[in-house]
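Comments concern the structure below.
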Amino acid sequence: MSNNLNMEHEAIIEQFRKEYKELLCITNQTLLKNKSLFLVVKIYMFVYDSEIILKYHESLKKELFLMTSKLDKVINDYENKLKELFKDDITINFGALNIESISFSHKMRGVQSGELATVTFSNSNNVKSSTNFFIKTHQNGAVTAPSAASKPVDIKELFVYKALENLKIGPKVRFFFDDRDATKEFFISTQEAGSTILKPNDVEKPNNFPFKLANHYKVSIAITDDIKKEFDSYEPNLFESLKRELTLVDMVSRIFNLGDCSINSSNFGFIEQENDLSACIFDFRTSFNVYENNKIFKYFEHGNKQFCYTRNSLLWALIAAESRNEKIARAFLVFKRLNPSTFYSTIDQSMQEIVMYINSSNSNQLKEHLKNMYSNLEEYSECTKINFRIFLNKLKKHSNCI
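Numbered per our numbering, the sequence shown finishes at 435, counting up by one with no gaps.
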C-alpha cells in the first residue's frame, strides 16, 4: 500500500489544524469544552479508521494525538471546574447534613451539556443515604452540538423552574455559576424527583411506545400499543392516573407556553405513590416572544401544531382518540391538582424567590443582566396567570357538556 496521503486525507488533516487553532481563541469555557470534545472524537475516528495514517505516518499521528491530549486537558479542566462549582453549592447549602461523598458521571442524553452527581449523606447515627442531582447548562448555554454558540441565561427559565417546583410538578432546583462569565457559564441542578420504576409485564412486542417514567433523568421503558392492558396487568387504576397526569403536562405546557415539553417524553416523568401517579416536568424551553394565548382552551380541545397530538407522541397514544367530553372532564381533575385558589399566589411567590436570588447574587455581571430582563419576566408571569384564567373560565362554561 502506498504511504502517500491522498487529497481527501490532506484536506481533513488541514481542517483539524484549523479547528484546533480556532478552539484556542474561544473564551467561553462550556463552548470550548464541547467543541474540544467533538474534535477529539473526530480525530480519533479519523486516525483509527485510516490505515495509511496508522502504518506510514508516525509523525503525523503524533501531531494529531498531541492535539487530542491538549484538548483532553481542556475537557478535564472544565469538568473538574463544574464539579467544584457544584460541590461548593452543595456544601454551602447542605453542609449540615454531613456530606460523605460526591461522585459524578456523564449525562447520557439530551442537547444540554451536563453531569449526573450522586451525593451521599450521613445522619447523626451514621446512617447513610444518597440522592442524585442532574446538572446542566441553561437553555441558552453551550450544547452538545459543536456549532452551537452560548448566549446569556434567560430569567424566564429560572422562574419556570421555581414555579414548577412550588406547584409540586417539578423537581427541587438550584442555580450556580462560574464567576468568570456568570451570565453564560450558568448551571441548573435538579434533585432526583423519584426512583420508583413502573414496569408493565410485556415490553417486547413490536411497535413499542417509549416514554419516561419515575426517575427523572434516566429511567425509560417501552410500552406496547395496548398500553391500558399492560398497565392494568401491573397495577389497576394506574392507567387513568397516567392519562390525568399526562393531561396535566399538556395543560401546564400551554399555560406557561413551554416548548420541548409535552411533545418530548424524555423531558417529563411519572412517580408512583400509593397506587397513583404524579407527573414531574424537569426540562423544557421557555417562549422567546409570545406569552399570552387567547386560544389556549380551543387548542387544548383539538390539539394544535405546537403541542401536537401526532403519532410519535405519548399524547396521541393515550388522549387523541378520546371524546371532547372526556378531555374536559379530566381537565377539571387537573385543575384540582393545580388548585386555582393558590395558583396565582404560587406564581407571585416564585417571582419573589427570583428577585431574592438576583439580589443575593455575588456576581455584579449576573445581577445586572437579570435585572435588565426583569420587566420581561413580569410580563411573562402575568401572561401565565392570564392563560390560566382563560383556560379555567372556558372550562367552567363547558361544564354543562360533561
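Note that the Cβ used here is the ideal one computed from N, Cα and C, for glycine as well.
The C-beta of P185 has 16 or more other C-beta atoms within 10 Å across all chains shown, which makes the residue buried.
Within the DSSP bridge table, the entry for R207 names S222 as partners.
Non-local beta-carbon contacts of Y324 in its own chain, meaning distances under 7 Å to residues more than five positions away in sequence, involve N290, E412, Y413 and C416 in chain order. V152 sits in a strand when the DSSP states are folded into three classes. Under the DSSP definition of a beta bridge, T319 partners with L291. Secondary structure note for C416: its alpha helix (DSSP H) is the uninterrupted segment Y407 to K430.
Listed in chain order, the non-local C-beta contacts of Y111 below 6 Å within the same chain comprise Q62 and K66, local neighbours out to five positions each way being set aside. Between F333 and F210, the C-beta gap is not smaller than 9 Å, which leaves the two residues out of contact. In this structure, DSSP gives A215 a state outside helix and strand, which the three-state scheme calls coil.
A Cβ-Cβ contact shorter than 9 Å links L191 with Y390. Rounded to the nearest whole angstrom, the C-alpha separation of R363 and E355 is 11 Å. DSSP places I352 within a helical segment (H, G or I) once states are collapsed to three. The beta carbon of V206 lies closer than 6 Å to those of Y194, E198 and T223 in the same chain, with the five residues before and after it left out. Boundaries of the beta strand (DSSP E) around I314: L310 to I314. By the beta-carbon neighbour count (other beta carbons within 10 angstroms, threshold 16), D212 is exposed.
Taking the C-beta atoms as reference points, I304 is found no nearer than 9 Å to K427. With respect to the C-alpha of S408, the residue from R50, K114 and K189 having the closest C-alpha is K189. Between the C-alpha atoms of N397 and N405 there is a straight-line separation of about 12 Å. Contact between the segment 282-299 and the segment 314-321 is present: 3 or more CB-CB pairs across the two stretches fall below 8 Å. Excluding sequence positions up to five before and after V80, its CB lies within less than 8 Å of the CB of I86, L87, K94, L97 and F98, all in the same chain and listed in chain order. Within the same chain, and ignoring the five residues on either side of E386 in sequence, the residues whose Cβ sits closer than 6 Å to its Cβ are K195.
Per DSSP, reduced to three states, the secondary structure at K169 is strand. Each of F137, N131, S138 and E55 was checked against the Cα of N159, and the nearest Cα belongs to N131. Under DSSP, the beta-bridge partners assigned to F137 are A150. Around the beta carbon of H171, 16 or more other beta carbons lie within 10 angstroms, which makes this residue buried. In the displayed model, E386 falls within a helix according to three-state DSSP. With contacts defined by Cβ atoms closer than 9 Å, F137 and L118 do not form a contacting pair.
If you draw a straight line from the Cα of V285 to the Cα of E278, it is about 10 Å long.
Where E112 is concerned, the enclosing alpha helix (DSSP H) starts and stops at E91 to F127. For E190, the enclosing alpha helix (DSSP H) stretches over residues I188 to N199.
A distance below 8 Å between beta-carbons, with the five flanking residues on each side excluded, links K161 to the following residues of its chain, in chain order: E133, T153, F154 and S155.
Residue pairing by DSSP places F301 opposite I314 in a beta bridge.
By the criterion of a C-beta distance shorter than 8 Å, S83 is surrounded in its chain by H42, once the five residues flanking it on both sides are discounted. Taken through DSSP and simplified to helix, strand or coil, I296 comes out as coil.
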